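Visitor: Residue numbers (my numbering): 84 to 253. Even for Gly, the Cβ is constructed at its ideal location relative to N, Cα and C. Keep in mind it's a predicted model, so treat the numbers as computed, not measured. Sharing a structure, written as structure tokens. Questions coming.
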Amino acid sequence: MNQNFFQRSAQIIARDLLGKYLVCRVRGKTTAYKIVETEAYVGPHDKASHAHRGKTKRNEVMFGEAGHWYVYFVYGMHNMLNIVTGPKGYPAAVLIRGVEGAIGPGRLTKKLGITRALNGKAASKKSGLWIEDRGKKVNPRHIKRTPRIGVPYAKDWAKKPLRFVLAEPS
DNA sequence: ACGATGATGAAC
DNA sequence: TTCATCATCGTA
């Protein structure tokens, strides 16, 4: 996926990532998974975003280049995979919550072996984890929008429909 | 419904 | 340095 793709607003990208493929190469083996669930964290004013309380050591990559991975650790056991979006200096990202075969952000990183070692790396073949458009069209009727999961502390921002789910008939 | 499990950020 | 919290998940 080219750099321009990620230089847009997080919620547009969150929607556009549905149907794209998360591709992983480890020890010469390449695997690809269709992205089916995402969430947008749209900016410093977003009360659910880590960036809402300013720049810290943990969230600094959100303030950096678009198209880089932001991986952090929560609940003492799960790594969360995000991709940084928007112009440099503007903290926003998309959380990749689910792919075909691994629904749920914690399950996804566990299945693909994604850890904080990827934090701050570019989404590219060089880093071993990247995103491809494999040309499959997504019917907009199959995209659902819901409030984000697990952010009740965000008050009014908890209700905004910034979660995107691809629900294709099988 | 609840506990696991540890990094993080803010308070003291 | 301590403490509450946390973009979750498996088991019950």
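(1) In terms of residue numbering, what span does the beta strand (DSSP E) encompassing K117 cover?
(2) Could you check whether the region 206–220 touches the region 184–192, counting it as contact only if at least three pairs of C-beta atoms, one from each stretch, sit closer than 8 Å?
(3) Nearest-angstrom Cα distance between P252 and R224?
(4) With a Cβ-Cβ cutoff of 8 Å, do A93 and V177 count as a contact?
(5) I96 to N222, Cα distance in whole Å?
(6) I need the DSSP call for I186, collapsed to helix, strand or coil.
(7) Verify whether the separation of the beta carbon atoms of F247 and T168 is less than 8 Å.
(8) Do the region 199–206 and the region 146–161 meet, that is, are 3 or more Cβ pairs less than 8 Å apart?
(9) Please check the pair L245 and L101, which I expect to be a contact at CB under 8 Å, by giving their CB distance rounded to whole angstroms.
(10) Roughly how many angstroms lie between the CA atoms of S132 and K227, to the nearest whole one?
(11) In angstroms with no decimal places, state the Cα-to-Cα distance between K140 and R91.
Guide: Working from what's here:
(1) For the purposes of this step, residue 117 is taken as residue 34 along the first sequence, with counting starting at 1. Unbroken beta strand (DSSP E) run through K117: 112–124.
(2) no
(3) Residue 252 sits at position 169 when you count from the first residue of the first sequence. Residue 224 sits at position 141 when you count from the first residue of the first sequence. Answer to the nearest angstrom: the Cα atoms are 11 Å apart.
(4) Translated into the one-based positions of the first sequence, residue 93 becomes position 10. Translated into the one-based positions of the first sequence, residue 177 becomes position 94. Yes, these two residues count as a Cβ contact at 8 Å.
(5) Locating residue 96 in the first sequence gives position 13, where the first residue counts as 1. Locating residue 222 in the first sequence gives position 139, where the first residue counts as 1. Each residue's alpha carbon lies about 16 Å from the other.
(6) To locate residue 186, count along the first sequence from 1; it is residue 103. Here I186 sits in strand by DSSP.
(7) Position 164 of the first sequence, counted from the start, is the residue given in the question as residue 247. Position 85 of the first sequence, counted from the start, is the residue given in the question as residue 168. No.
(8) yes
(9) The sequence position of residue 245 within the first sequence is 162, counting from 1. The sequence position of residue 101 within the first sequence is 18, counting from 1. Not a contact, Cβ separation roughly 13 Å.
(10) Mapped onto the first sequence, residue 132 falls at position 49. Mapped onto the first sequence, residue 227 falls at position 144. Near 21 Å, if we compare the C-alpha coordinates of K227 and S132.
(11) Here residue 140 refers to the residue found at position 57 of the first sequence. Here residue 91 refers to the residue found at position 8 of the first sequence. Each residue's alpha carbon lies about 24 Å from the other.
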